[in-house]
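Single-structure report; data block below.
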C-alpha cells in the first residue's frame, strides 16, 4: 500500500467515525415543529372542544382553529440539530428554554397544563364579558370530599348571598364569612344555569383567619345562564386563549363570526380581553397554512416575527384585544382587508 493510499484510507475512516459520532452525539438543543391545530367549533375524537350546558349551541359552519407547536425530545444529535438549522419549518432552540434543568418533566407538564386551564377560565370570562353578562362570585371548585359544600354547591354556581347578606364580590364574601363562627348553619343563595336556588351549609373552620368557610374556591367572572366546558387533551400553555374565546362567542353569541371561512390564530387572553404574545408564531402559521386557513390572527407583539414565517397564502390580522379580533373577522366577512402586521 502506497503512502497516499494509506493516508486516504485513514482519512475515510476518520470521516466515518466522525459521521457516526455526529449521528449519535447528543447536543443540548431540541427541535420545534408545526403542531396539530384544533377547530374550537368542532370535535376531537367525537367529543366537542367546547360544550354548552343549559342552552343550545349555535349552528355554525366554519373553523376557528387554535394552533400549536410540536416539541421534540431532549438531546438532539448533532446531525439532527444541523439539519434543523437549515430547515425553515424547524426551530432548533436551547434545551433549557423548554426543559429547565431545575424542574422535572412532570413538573413542566403540570405547569403547562395549569397554564392551559387558566387560559380556559380567562377565555370564558372574556367571552361572557363581551356578551354583557354581569360579574359575580362564581364557584371555581369544591375544596375536597370533606368540604361542607360537597353535594350542595356546584362548579359555576353564582353565589348571590349568605344568610341574606349580598355577596357581589370576593372581598364581601370573605367579610361576611369572617363574622360567622365555624359550625354555623347558613343559607347560601345561588344561581345555577340561570335558575335560583338555596343550600343550607354548615360552615367549616377557616385555617388562616377568623370566622368560617364554605369549603369552595371562587373567582369573579361574568355569570351566564349556561355553563361552558372546554376539553382539549394534550395541549399545554396559555396561547389558546384567544381562539377559545372566539369559539365560545361563535357558539353562544349573536353573530356567525366566520361564515364558513377557515380562520386560525394564537394568542393569550386575559379576562378583560387583552391579547398577549405567544411563542412559535412562525411554526403555528405553517400549521395554519397546511389546513388551508385563509386568515391568521396574530398577537400585536408577535407581528415582527410573523412576517418572517415561511408560510404563504395567509392574510395576517394584527390583534391586541378581543375587539381587534372581532373587527378583523367582520372585515373579512364584509370583504375588507383587516389591519395587518
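In UniProt numbering, the protein residues as written are 1 to 341. In this text, a Cβ means the ideal position worked out from N, Cα and C, and glycines have one as well. Given the structure is predicted, the values throughout are model-derived calculations rather than measurements.
Is the region 57 to 74 touching the region 115 to 131 in the sense that three or more CB pairs, one from each, lie closer than 8 Å?
no
Which residue spans inside the region 74 to 104 form an unbroken beta strand (DSSP E) run of at least 3?
91 to 94
CB contact flag (residue 112, residue 262, <8 Å)
no
Note down, in chain order, each residue of its chain lying with its Cβ closer than 7 Å to the Cβ of residue 23, except the 5 sequence neighbours on either side.
A caution first: residue 23 carries a pLDDT of 49, below 50, which makes its placement in the model too unreliable to give a value.
Tell me the DSSP bridge mates of residue 39?
65
Please work out which residues of its chain come closer than 6 Å, Cβ to Cβ, to residue 331, disregarding the five sequence neighbours upstream and downstream, and give them in chain order.
338
As assigned by DSSP and simplified to three states, the class of residue 201
strand
Please report the distance separating the alpha-carbon of residue 248 from that of residue 44.
16 Å
Assigned secondary structure, residue 178 (DSSP; H/G/I helix, E/B strand, else coil)
helix
Please return the same chain residues whose Cβ sits closer than 7 Å to the Cβ of residue 148, not counting the five positions on each side in sequence.
201, 202, 203, 204, 214, 215
Near residue 273, what residues of its chain come up, given a Cβ to Cβ distance below 8 Å and the 5 sequence neighbours on each side ignored?
126, 129, 130, 245, 321, 322, 323
Under 8 Å between C-beta atoms of residue 232 and residue 173
no
Would you report the Cα separation of residue 230 and residue 243, rounded to the nearest angstrom?
12 Å
Kindly indicate which three-state DSSP category residue 55 falls into: helix, strand or coil?
coil
Indicate whether the contact test is met: 3 or more Cβ pairs, each with one atom in the region 155 to 170 and one in the region 178 to 191, closer than 8 Å.
yes
Do residue 67 and residue 266 have their beta-carbon atoms positioned less than 8 Å apart in this structure?
yes
For the alpha helix (DSSP H) that residue 333 lies in, which residues bound it at each end?
322 to 333
Using DSSP bridges, identify the partner residues of residue 296.
264, 316
Start and end of the beta strand (DSSP E) containing residue 141?
135 to 142
So, at 6 Å on beta carbons, what are the nonlocal neighbours of residue 14 in its own chain, with the 5 sequence-adjacent residues on each side left out?
Only weak support is given to the placement of residue 14: the predicted model assigns it a pLDDT of 37, under 50, and the value that follows is read from those uncertain coordinates. Counting only Cβ-Cβ distances below 6 Å, and skipping sequence neighbours, we find nothing.
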